[in-house]
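Shown next, in structure tokens, is the structure this report addresses.
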Amino acid sequence: MSLVSPLNRVLGLGSAKEGTEHWWGQRLSAVALVVLGLWFAGAVLGFGEFGYASVSSWIAQPFNAVLVSLLVLTLAYHSQLGVQVVVEDYVHATGLKIATLIALKFLHIVLAAVGVFAVLKLALGAPL
42 MSLVSPLNRV LGLGSAKEGT EHWWGQRLSA VALVVLGLWF AGAVLGFGEF GYASVSSWIA
102 QPFNAVLVSL LVLTLAYHSQ LGVQVVVEDY VHATGLKIAT LIALKFLHIV LAAVGVFAVL
162 KLALGAPL
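Numbering (our numbering), first residue to last: 42 to 169.
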């Protein structure tokens with residue numbers, strides 16, 4: 042017999058103790074994507090031409106390379122959070138859910154790494 046009331050046992054604890062962290066991650070990454078997306082759209086609209094030479098010289102500028110890398114990383118993070126919610130809500134078989142979440146996490150890590158690698162390769166002027 043416990044002297045702790047049921048309310049005191051669950052007070053302050055969410056269902057998984059991490060729901061607000063996930064929610065804040067989605068909201069903050071969405072705000073970052075709005076800012077970075079507006080910057081990127083404005084920059085792309087300012088291009089005279091979309092040839093390889095002009096785009097690679099634009100990305101070769103350090104400020105642009107950093108912001109494009111941040112855009113790629115933020116997109117991958119936000120996407121991973123979004124598909125995680127979809128899988129958790131709609132995949133009901135426990136084994137399949139865990140396998141899908143692991144596969145999607147690795148996929149997003151690989152996509153982020155490939156995106157940053159491509160930006161660095163263009164920024165450093167390495168031949169493709």
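C-beta: ideal position from N, C-alpha, C; glycine also. Everything numeric in this text was worked out from a predicted model, so none of it was measured.
On the criterion of 16 or more Cβ atoms from any shown chain inside 10 Å, does residue i qualify as buried, or is it exposed?
i	result
Gln121	buried
Leu86	exposed
Ser170	What is shown of the chain runs 42 to 169, which leaves residue 170 out entirely.
Leu163	buried
Leu116	buried
Leu112	buried
Alpha helix (DSSP H) containing residue i: first to last residue?
i	result
Ala94	Tyr93 to Ile100
His63	Gly60 to Leu86
Glu90	Neither: Glu90 is in no alpha helix (DSSP H) and is coded neither H nor E.
Considering only C-alpha positions, which residue in the set the options is nearest to residue i?
i	options	result
Asn105	Gly78, Gly92 and Val128	Gly78
Tyr118	Glu62, Gln67 and His133	Gln67
Val155	Leu137, Trp80 and Ser110	Ser110
Can you look up residue i in the DSSP assignment and give me helix, strand or coil?
i	result
Phe132	The sequence shown places Val at residue 132, not Phe. In the structure shown, Val132 sits in coil (DSSP, three-state: anything other than H, G, I, E or B).
Leu165	coil
Starting from the C-beta of residue i, find all residues in its chain whose C-beta is less than 6 Å away, skip the five residues before and the five after it, and write them out in chain order.
i	result
Leu114	Ala153
Ala140	none
Ala73	Thr115
Apart from the five residues just before and just after residue i, which ones in its own chain have a Cβ nearer than 8 Å to its Cβ?
i	result
Phe88	Ser95, Val96 and Trp99
Ala84	Trp99 and Asn105
Pro103	Ala164
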